[in-house]
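Residue numbers (the UniProt record's numbering): 1 to 255.
For glycine and all other residues, C-beta sits at the position ideal for the given N, C-alpha and C.
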Amino acid sequence: MLTDTHTHLNAPQFDEDRHDVIQRAVESGISRIINIGFNRETIPSSIALAEQYDFIYSTVGWHPQDAKDMTSDDLAWIEQLCSHPKVVAIGEIGLDYYWDTSPKDVQDRVFREQIRLARKLDMPIVIHNRDAHHDILQVLREERAADVGGVMHCFSGSWETAKLCLDMNFYISFGGPVTFKNAKQPKEVLEKVPLDRLLIETDAPYLTPHPFRGKRNESSYVKLVAETAAQIKGLTLEKLAHATTQNAITLFGLL
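So, in structure tokens, the structure goes:
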């Protein structure tokens with residue numbers, strides 16, 4: 001049984017056929033789904049989805065692109081929601097230097113505040129990192145994120161960066177891009193990541209794997225990521241699926 005550790009099934013792209021998408025995931029062997037709530041709009045709908053399906057869980061956090069909008073009341077709200085039985089992590093949080101939507105200093109402050117909250121509540125964190133490898137690592141070190149650990153979502157860095165993340169108690173997660181023919185570095189990093197620290201995801205509706213690249217992604221396609229990962233690792237799909245699902249259970253405390 002597979003686990004999609006990062007998806008956005010509450011996104012408007014699924015408004016017309018959400019239940020069918022979720023049903024296809026179940027039919028494809030997906031036993032658990034982590035849906036991501038990342039701002040004022042998506043957090044309530046993500047939790048509502050987790051309440052509707054017993055195998056879907058939610059995270060709550062504030063995305064770096066929306067950092068400029070987060071208030072102290074929002075942080076208190078996130079803290080309150082972390083007591084919900086279906087909320088399993090704080091995220092996605094981090095730094096995004098690709099999209100110029102929130103100033104870097106604001107992103108940094110919001111990122112640090114949420115790591116501190118995670119340490120206070122003993123919750124794992126889900127890290128969004130786009131073009132900010134050095135600063136992400138620095139913040140994680142300075143805020144002692146290793147105390148809670150978490151996952152580097154849709155990892156795109158080097159093996160050297162991955163090793164530093166592993167040393168700080170993080171799992172490394174791969175999504176659709178690892179299936180692309182030109183994805184030399186992600187494939188090389190995945191090969192080296194220890195099996196007991198590996199996760200897979202879709203980030204649906206984004207980052208659709210081959211051969212559906214360019215179309216809407218969905219959770220059932222995590223099987224394509226798993227097949228690629230199994231091939232790279234020289235494992236059967238069953239062993240890869242079991243290991244990555246067990247990793248998700250361990251990290252997020254899933255049932």
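Exercise for the section: Kindly give me the distance between the Cβ atoms of Lys-68 and Pro-103, rounded to whole angstroms, as I take these residues to be in contact under 8 Å. Expected result: Taking C-beta atoms under 8 Å as the contact rule, Lys-68 and Pro-103 qualify, at a distance of about 7 Å.
Practice task
On a CA-only basis, which of Ile-200, Gln-80, Ile-43, Ser-158 is nearest Leu-251? Give me that one, please.
Solution key: The closest CA to that of Leu-251, considering only Ile-200, Gln-80, Ile-43, Ser-158, is found on Ile-200.
Problem - Bridge partners - Asp-96, DSSP secondary structure assignment - result: Paired residues: Arg-130.
Problem - Spatial distance of Val-222 from Ala-241 (CA atoms) - result: One C-alpha to the other measures close to 10 Å.
Practice task
Quickly, what does DSSP pair Ala-89 with across the bridge? List them, please.
Solution key: According to DSSP, which records beta bridges pairwise, Ala-89 is partnered with Thr-59.
Practice task
Mind checking who Arg-32 pairs with in its DSSP beta bridge?
Solution key: Paired residue(s): Thr-3.
Handout entry: Endpoints, beta strand (DSSP E) assigned at Leu-164
Key = That residue, Leu-164, is in no beta strand (DSSP E); its alpha helix (DSSP H) goes 159-167.
Problem - Any alpha helix (DSSP H) of 4 or more consecutive residues that is wholly inside the region 182-210 - result: Whole alpha helix (DSSP H) segments, 4+ residues: 184-192.
Problem - Segment limits, alpha helix (DSSP H) that includes Val-106 - result: Note, Val-106: alpha helix (DSSP H), 104-121.
Problem - Proximity test, Arg-144 beta-carbon vs the ligand GDP heavy atom, cut-off 7 Å - result: The ligand GDP is not part of this structure, which contains no ligands at all.
Practice task
Check Ser-173 in the structure and name its three-state DSSP category.
Solution key: Three-state DSSP puts Ser-173 in a strand.
Problem - Reduced DSSP category for Val-139 - H, G, I as helix; E, B as strand; rest coil - result: DSSP places Val-139 in helix when its eight states are reduced to three.
Handout entry: Simplified DSSP state of Val-21, which is helix, strand or coil
Key = In the structure shown, Val-21 sits in a helix (DSSP, three-state: H, G or I).
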